[in-house]
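Structural data, given as structure tokens:
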């Protein structure tokens with residue numbers, strides 16, 4: 311049942327991203343996805359394996375749910391946020407950031423309810439802090455990369 315839920319969520323997030331009006335060009339979206347994938351895998355590996363703050367279920371179907379969350383859902387969620395928040399007023403960016411953080415917390419709660427992950431010396435507060443860092447990093451990375459593209463005259467400012 312958990313695998314079906316995570317597959318549906320993956321398709322839903324993918325469809326939202328696919329049909330979303332993109333403010334970033336293809337190469338920016340591609341590099342953002344790869345960057346978020348790398349950072350998310352590194353952070354979750356550090357938190358789960360090295361520090362032992364989160365344990366994930368090793369049953370194949372539930373591990374696949376963890377894998378979908380780590381490698382597809384979280385990076386696509388940040389890309390949806392980046393495309394929605396880029397070149398918007400600060401109020402809208404904060405609303406999009408809050409929605410993104412709530413969705414991330416909901417995914418964590420779903421993972422706990424379905425026994426995909428277990429917190430050990432970890433909490434929703436820590437997840438919120440990590441989400442804020444991800445969202446802030448997303449905004450910084452998008453603006454910095456766009457600045458470099460404008461500087462190299464690949465896009466117009």
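In this note's numbering, the protein residues as written are 311 to 467. Where a beta carbon is used, it is the ideal one built from N, C-alpha and C, also for glycine.
ask   = What did DSSP end up calling residue 396 once you bin it into helix, strand or coil?
value = Correct three-state label for residue 396: coil.
task = Pull up the distance between the alpha-carbon of residue 325 and that of residue 466, whole angstroms please.
result = In this structure, the straight-line span from the alpha carbon of residue 325 to that of residue 466 is close to 28 Å.
query = Considering residue 427, what are the terminal residues of the beta strand (DSSP E) in which it resides?
reply = Counting along the chain, the beta strand (DSSP E) containing residue 427 begins and ends at 427-429.
task = Between the Cα of residue 460 and those of 321, 338, 322 and 317, spot the shortest distance and give me the residue it belongs to.
result = Residue 338 is the option with its Cα nearest to residue 460.
query = Pick from 379, 399 and 432: whose alpha carbon is nearest that of residue 413?
reply = Put simply, of 379, 399 and 432 the residue whose alpha carbon is nearest the alpha carbon of residue 413 is 379.
request  = Indicate whether residue 396 and residue 334 have their beta-carbon atoms separated by less than 8 Å.
outcome  = Cβ distance < 8 Å, so residue 396 and residue 334 count as in contact.
ask   = Unbroken alpha helix (DSSP H) runs of length 4 or more, entirely within the segment 329-410: which are they?
value = Within the segment 329-410, the complete alpha helix (DSSP H) runs of at least 4 residues are 336-355, 370-378 and 384-395.
inquiry  = If contacts are defined as beta-carbon pairs under 8 Å, then residue 342 and residue 389 qualify, I think. What distance do you get, rounded to the angstrom?
reply    = In this structure residue 342 touches residue 389 by the C-beta definition: roughly 6 Å separates them, less than 8 Å.
message = Taking only three categories from DSSP, how would you classify residue 436?
response = Helix, per DSSP.
inquiry  = Here's a check: name, in chain order, each residue in its chain whose Cβ is nearer than 8 Å to the Cβ of residue 311, leaving out the five neighbours to either side.
reply    = Here the set comprises 424.
ask   = If you draw a straight line from the C-alpha of residue 315 to the C-alpha of residue 463, how long is it?
value = Looking at the two C-alpha atoms, the distance is approximately 44 Å.
query = Are there three or more Cβ pairs, one per stretch, closer than 8 Å when the segment 420-434 is compared with the segment 366-379?
reply = Result yes; three or more Cβ-Cβ pairs closer than 8 Å.
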